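In this note's numbering, the protein residues as written are 103 to 491.
Quick notes on the structure that follows.
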Ligand SMILES: Cc1cc2nc3c(=O)[nH]c(=O)nc-3n(C[C@H](O)[C@H](O)[C@H](O)COP(=O)(O)OP(=O)(O)OC[C@H]3O[C@@H](n4cnc5c(N)ncnc54)[C@H](O)[C@@H]3O)c2cc1C
């Protein structure tokens, strides 16, 4: 990790301190983590992935993943908002550099620290990212969009939303584009609320989204390429990293509990110590899987078609399934270690928020859906037999 990346990490620690302070209130009140997001803007971390020649930090995906893990240890909702914002930024960086409008918009993202949200989920297709019902309707140089967007996190706080739709009213459901629409171009009518078990601060309400914007704001590449080459990997790796952070925070509380037990009874190994070993082994395996996934991403990005290959898609899907399940398993260990002190919401060993936040992980693009996708891909895939290569 280079000097600049360490600087970003120090800023992430600063934001995490703010996020930690408000995490319980954000969770309890189901409110947007306004203090932490302001801190992200103040420390310029929202523009971390934007290329330096557009005024951003030019950070690698690995650095952004580390930031997500740091934030995840403090407040799951803040970390998820940061990850979702960066997933959108990665689509701009990967597919918008050749387009004058998007290049200019990236400059604005960096200088004004704009917050980006995502509207892919749609009534009727649910979490099936690669199919849309709504369509872009062109009218000369402008287009209209009308989407039943059943989940848009922090829509009311975002400066722009990246929306998927069909390319035109006559296009097939999988013939999609992604458009950037800015706050003043959007109208949002709330259709559903967000009173959930966890990730309560993401404020992921449902809206009927209507927008009118210049055609130049539609990303030039088909969404099929955007999904394969930037969204798939960045979503799974950044989500996985913040779930790792949540699990690490819960296990840290469990470790503090075991230490306190050991101090109380100096000559007896606390019951929870064995589970702590099991939890930490799982956490280590998750860390290795994420590090391997990030290395695979770097290697695939350096080749012509690496990011579009079947083996890469399977690997990234596996990272998501593994990370979402392992994070939950680690937190379950933490809960068993802390017992009733972990179950209660008002003790230093409470892991309720961590558990509830992490329960969203297998649903966020349903693991069942991802496994079904991988089942199809496996038919065309040769299993690897080597450890290092
Ligand atoms: C914290 C959080 C924040 C979110 N933020 C956003 C956001 O900002 N923008 C956005 O667009 N979306 C967002 N989402 C939505 C998310 O990305 C998924 O689209 C959504 O969680 C899927 O919802 P679903 O379970 O109703 O839909 P589906 O994916 O349709 O799944 C419904 C059920 O059907 C089953 N199923 C469906 N298809 C298959 C299949 N092919 N094979 C096997 N089983 C299948 C699944 O098991 C699942 O239980 C967010 C979700 C969460 C939890």
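For glycine and all other residues, C-beta sits at the position ideal for the given N, C-alpha and C.
Keep in mind that this is a model prediction, so the values were computed, not measured.
Residue 472 is not bridged by DSSP to any residue. Using a 10 angstroms sphere on the CB of residue 468, the tally of other CB atoms stays under 16, which defines it as exposed. In this structure, the C-beta of residue 255 approaches ligand 1 to less than 7 angstroms from one of its heavy atoms. Spatial neighbours of residue 121 in its own chain (CB-CB distance under 7 angstroms, excluding positions within 5 residues in sequence) are listed in chain order as 135, 138, 173, 176, 177, 180. Per DSSP, reduced to three states, the secondary structure at residue 446 is coil, with no helix or strand assignment. Each residue's CA atom was taken as its position, placing residue 380 and residue 128 some 31 angstroms apart. DSSP, read as helix, strand or coil, puts residue 323 in coil. When the beta-carbon positions are compared, residue 279 and residue 217 stay at least 8 angstroms from each other.
Here residue 249 is bridged, per DSSP, to 311. Between the beta-carbon of residue 209 and that of residue 242 there is about 26 angstroms, and that puts the pair past the 8 angstroms contact cut.
A distance criterion of 7 angstroms places the beta-carbon of residue 351 beyond contact range of ligand 1, judged by its closest non-hydrogen atom. At a Cβ-Cβ threshold of 8 angstroms, residue 412 and residue 395 do not count as neighbours. Nearest to residue 288 by C-alpha distance, out of 366, 339, 461, 219, is 219. A residue is called buried when at least 16 other Cβ atoms come within 10 angstroms of its Cβ; residue 485 does not meet this threshold and is exposed.
In terms of CA proximity to residue 274, 237 leads the group 237, 454, 300. Remark: the C-beta of residue 182 is in contact range of ligand 1, defined as less than 7 angstroms to any heavy atom. Residue 232 is bridged by DSSP to nothing; it lacks a bridge partner. Under the three-state reduction of DSSP, residue 186 is assigned to helix. Between the C-alpha atoms of residue 354 and residue 388 there is a straight-line separation of about 15 angstroms.
Judged by pairs of C-beta atoms under 8 angstroms, the stretch 433–449 touches the stretch 348–366, as three or more such pairs exist.
Contact annotation: residue 284 and residue 248 have beta-carbon atoms that are not nearer than 8 angstroms.
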